[in-house]
Each structure stands twice: as C-alpha cells, then as structure tokens.
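Numbering (this note's numbering), first residue to last: 38 to 167. Idealized CB from N, CA, C, for every residue including glycine. Here is the structure we will look at, set down as structure tokens.
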C-alpha cells in the first residue's frame, strides 16, 4: 500500500511540474506573439544572454527589456509558434519557435529557462533571421 501511495504521489508531483513548465512556455510564447517585452522581462534574472540577429551580449534585466522593446517596435510580430520543447541533461528547459513579423521577416527563436528555487528564469533568448 505504501508503495502504491508513494508511486501515486510521485506521478502527481511529476505531472504538476510538467504543467508548470508548459505554462511558462505558453506565457513567453504569448508575450512574443504580442510583442510584450515587459512580460518577457519578468522572467529575466539579474542578467540575460540576449541575441538579436548578430548582436549578442549579456545584459541587465532593464537593458534587455529595452532592447527587446526596440526589437518588437521595429519587427511587429504577426505570428509566433513554438516548434519544439525540450529539457537538457542539466535540467534547463528550452523551446524553439518561429516568429513571423508584419514586415514578412521570419526569426528562429530560442529561449532557455532554468529553475532557480521556485522561480523560472530565462537564461538565454535568441532571435535569428531565417
């Protein structure tokens, strides 16, 4: 009986954890789709590795939000779809998506999320022209 209860508890915890990680992908995806730099920045730690086409740098949370806001103002999102989700051996979760702008430019988008305590933090965010 204890074994069944333990297995059931493990299953419930695993399921809840999986749903929680999907929620962050959905929220980030929805924010990219709407060009909402502020909501995306809520998931940044103190610093974030941000790449926009060929401009790659580690920025503070405030700087990264401003750069992202500028990117979205020049590249208004039309559609965004997550193509693939996964998890690295180290436990970082990632998603790969495709952003199409109203200007007709398509960007391959990558974001890597790591759990810090009870908070999910975007470690890296990339927008690369296809």
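By DSSP, does residue i sit in helix, in strand, or in coil?
i: residue 157; result: strand
i: residue 105; result: helix
i: residue 99; result: helix
i: residue 124; result: strand
i: residue 118; result: strand
i: residue 66; result: helix
i: residue 60; result: helix
Could you name the residues of the same chain whose beta carbon sits closer than 8 Å to that of residue i, not counting the 5 residues immediately before and after it, in chain order?
i: residue 71; result: 114
i: residue 95; result: 84, 85, 86, 87
i: residue 69; result: 77, 114, 117, 134, 136, 146
Measure the C-alpha to C-alpha separation of residue i and residue j and round it to an integer number of angstroms.
i: residue 131; j: residue 63; result: 12 Å
i: residue 137; j: residue 154; result: 34 Å
i: residue 57; j: residue 156; result: Reliability fails at residue 57, whose pLDDT of 45 lies under 50, so the model's placement of it is uncertain and the value that follows must be treated cautiously. Those two C-alpha atoms are separated by around 11 Å.
i: residue 134; j: residue 119; result: 4 Å
i: residue 161; j: residue 60; result: 18 Å
i: residue 106; j: residue 67; result: 15 Å
Would residue i pass as a contact of residue j if the rule is Cβ separation under 7 Å?
i: residue 159; j: residue 85; result: yes
i: residue 166; j: residue 90; result: yes
i: residue 149; j: residue 164; result: no
Taking residue i and residue j to be in contact with their CB atoms under 8 Å, please state how far apart those CB atoms are, rounded to whole angstroms.
i: residue 93; j: residue 75; result: Actually they do not touch by this definition, with Cβ atoms about 22 Å apart.
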